[in-house]
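Inspection log for the structure reproduced underneath, given as C-alpha cells.
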Amino acid sequence: MVMMRTMIIGMMKKITKTNNTMSKTYFSEFQSDIAVAILSKDDWRYEVMKPLFEVCGFGFAETSSGCVFIDGEVKLNKHELKWVEAHEVAHILLKHTKDRNDKDELDADTLAYKLLSENGYDKSAKLVKQHSIERHGHQI
Ligand SMILES: [Zn+2]
Numbered sequence: 000m001v002m003m004r005t006m007i008i009g010m011m012k013k014i015t016k017t018n019n020t021m022s023k024t025y026f027s028e029f030q031s032d033i034a035v036a037i038l039s040k041d042d043w044r045y046e047v048m049k050p051l052f053e054v055c056g057f058g059f060a061e062t063s064s065g066c067v068f069i070d071g072e073v074k075l076n077k078h079e080l081k082w083v084e085a086h087e088v089a090h091i092l093l094k095h096t097k098d099r100n101d102k103d104e105l106d107a108d109t110l111a112y113k114l115l116s117e118n119g120y121d122k123s124a125k126l127v128k129q130h131s132i133e134r135h136g137h138q139i
C-alpha cells in the first residue's frame with residue numbers, strides 16, 4: 000500500500016493539462032486544496048487506476064495526498080458526478096482511512112449532502128437523499 004500511495008502522489012504531481020484526452024483535473028470547489036481527476040481510458044493513468052476503480056467503485060479518495068480519482072468511463076450524468084466528487088471529498092475531510100466501514104460511508108454521504116446543498120447542487124443533493132435508504136438503510 001505504501002508503494003501504491005507513493006505512486007499515486009507522484010502521478011498527481013505530474014498532472015498537467017492535456018489537450019488530447021477527455022480526462023479532466025481540477026481543484027474541488029468543495030475544498031480548494033483537494034485535487035479531482037476524472038480519468039478516461041485514453042489517458043495513460045486510467046489503466047493504472049483501473050484496479051482501484053474495480054475495488055472502490057466510481058471513485059476513490061487518497062486521504063493522505065488529498066486527491067480524488069473518478070472513473071470517467073462510467074457513464075454518470077453531471078449530477079451523479081458531483082455527488083461522487085462530494086462523497087470522496089467528504090471522506091478526505093473526515094480523515095477516513097482505507098478500511099472503511101458502513102458508518103464512514105453514511106458520514107461521507109451526510110457531509111456530501113451538506114456540501115452539495117450549500118454549493119447550489121440541489122439535484123445532486125436530492126440524489127444523495129433518494130439513494131440513502133438503499134445505501135444506508137435509512138433516510139439522510
Ligand atoms: Zn465512500
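Note that numbering that gives the first Met the number 0 has the sequence shown beginning at 0, numbered continuously upward.
Ideal placement from N, C-alpha and C gives every residue a C-beta, glycine not left out.
Collapsed DSSP secondary structure at residue i in the structure displayed
i      : result
TYR120 : coil
THR109 : helix
LYS102 : helix
LYS23  : strand
LEU93  : coil
GLN129 : helix
HIS137 : coil
Test: residue i CB closer than 7 Å to a CB of chain B
i     : result
LEU38 : As a matter of chain content, chain B is missing from the structure shown, which is built from one protein chain.
Assigned exposure category for residue i - 16 Cβ within 10 Å defines buried
i      : result
TYR25  : exposed
LYS16  : At LYS16 the pLDDT is 45, less than 50, meaning the model places this residue with poor confidence and gives no usable figure here.
GLN129 : exposed
ASP42  : buried
LYS102 : exposed
Cβ-based neighbour list, residue i, same chain, cut-off 6 Å, excluding 5 preceding and 5 following
i      : result
ALA60  : VAL67, GLU87, HIS90 and ILE91
LEU110 : ALA89
Beta carbon of residue i nearer than 7 Å to that of residue j
i      : j      : result
ILE139 : TYR112 : yes
PHE29  : ALA107 : no
GLY65  : LEU38  : no
ASP73  : PHE57  : Correcting the residue type first, residue 73 is Val in the shown sequence and not Asp. Yes, the Cβ-Cβ distance between VAL73 and PHE57 is below 7 Å.
Sequence-distant residues of the same chain with beta carbon closer than 8 Å to residue i, five excluded per side
i     : result
THR96 : THR62
Same chain, Cβ closer than 7 Å to residue i, neighbours up to 5 away in sequence not counted
i     : result
SER31 : none
task: Note down, one range per segment and in chain order, each beta strand (DSSP E) of at least 3 residues found wholly within the stretch 26-77.
output: 34-38, 58-61 and 66-70
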